[in-house]
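Read through the structure below, which is laid out as structure tokens, and then see the notes.
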Amino acid sequence: MAPNELEARPKQKVERREEATRPGAYFQPAVDIFETKDELVLVADMPGVPPDGVDVDLEGDELSIEGRVRSGEYDGLKPLYVEYGVGGYYRRFTLGEMIDREGIKAQMKNGVLVLRLPKAERARARRISVDAA
Amino acid sequence: MALVYQDPFEQLQAELERMLDAAFGPAGPSRLYPPVNVFDAGDAYVVKAEVPGVSPDRIDIDVEDDTLTIRGERAVSEPNREAAYHRRERGSGQFRRVVRIPGRLASDEVKAEYRDGVLTVRLPKAKEARPRRVQIEAA
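In order, the protein sequence lines correspond to chains A and B.
Take the first sequence: its position 36, counted from the start at 1, is 64 in my numbering, and no numbers get skipped.
Take the second sequence: its position 5, counted from the start at 1, is 1154 in my numbering, and no numbers get skipped.
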């Protein structure tokens, strides 16, 4: 297989959260998380989730993301051959950084959530220059 | 007997899970990208594929006889060099997926739609393969 050929990553089912208000299957979204001097960026694949189907919650240092899919588009469809389950997405993270809650930005496009979490002022890495004596 | 209402979408979710387990077991399906689900919609077959983050103009769809080919490329934007990764689970690269449709098609009427990261291809069945209602004439 060519090195740049994309491989599927089978969806991992997650246990339904105790406080889930909606029943049904939940899956763990694949994520990239990276950190720069000023912010944490989380990118999550949540195919099937419309822009208004996303909830982001930050409580203390615990971040959770949830996505809900539209169900109507499966009306009248009888499955013949199945390679993936369909349902919502849920995942929780513990953040090691203080986040400026007011500055959090979320964008949802083509089934991908991009979450930008600016670090709180006092948590930002400071550059200290050392003068040669 | 108590009648319990079950949401049709929940029924479908359960059916998909059951079929997944039956077909592939706990190891899950192959790693062919993108994963697809094939449905019967009466007068058409519907193929759905999860391709999040791929702009629709980077996806090519071909139908030949009973074979659907989905081709494209998924690019994952790279952060600048000073960024440090904590997790990296999202793959990028080219993909090509060939799906055999279990019936004859009217391939000139195929329609595709991309919405929220899900590709939906609707392939109408050939006229002679569609379910027909036969009118019984009164003698």
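Don't be surprised by glycine CBs; every beta carbon is placed ideally from N, CA and C.
Can you list, in chain order, the stretches of the beta strand (DSSP E) that have 3 or more residues and sit fully within the stretch 1185-1248 of chain B? 1185-1189, 1193-1199, 1208-1213, 1216-1223 and 1233-1237
Check whether the Cβ atoms of B/Y1182 and A/E35 sit closer than 8 Å, and answer yes or no. yes
Hey, would you say B/E1236 sits closer than 8 Å to B/G1202, going by beta carbons? Checking the displayed sequence, the identity of residue 1236 of chain B turns out to be Arg instead of Glu. No, they are not a contact pair.
Starting from the Cα of A/V82, find the closest Cα among A/R96, A/D128, A/L123 and A/L145 and give me that residue. A/R96
Output needed for B/F1188: all residues of its chain with C-beta closer than 8 Å, excluding positions within five of it in sequence on either side, in chain order. Y1194, V1195, V1196 and K1197
Judging by CA-CA distance, which residue of B/R1264, B/G1240 and B/K1274 is the nearest neighbour of B/S1256? B/K1274
When DSSP labels each residue in this structure, what does A/L83 get in the three-state scheme? Here the sequence assigns Asp to residue 83 of chain A, which means Leu is not the residue at that position. If DSSP states are grouped into helix, strand and coil, A/D83 belongs with the strands.
Where does A/Y118 fall in DSSP's three states? strand
For A/D60, count neighbouring Cβ atoms within 10 angstroms of its own Cβ and tell me buried if that reaches 16, exposed if not. Flag for A/D60 reads buried.
Nearest CA to the CA of A/D80: which residue from B/S1226, B/A1172, B/D1265 and B/A1287? B/D1265
From B/L1169, B/L1254 and B/F1158, pick the residue whose C-alpha is nearest to that of B/D1211; which is it? B/L1254
Looking at the structure shown, is B/L1181 part of a helix, part of a strand, or coil, going by DSSP? coil
Strictly below 7 Å CB to CB, what residues from chain B border A/S99? F1158
Identify whether B/G1174 lies in helix, strand or coil by the three-state DSSP scheme. helix
Would you check if there are 3 or more beta carbon pairs closer than 8 Å linking the stretch 1218-1232 of chain B to the stretch 1158-1169 of chain B? No, because fewer than three Cβ pairs between the stretch 1218-1232 of chain B and the stretch 1158-1169 of chain B fall closer than 8 Å, the two stretches do not touch.
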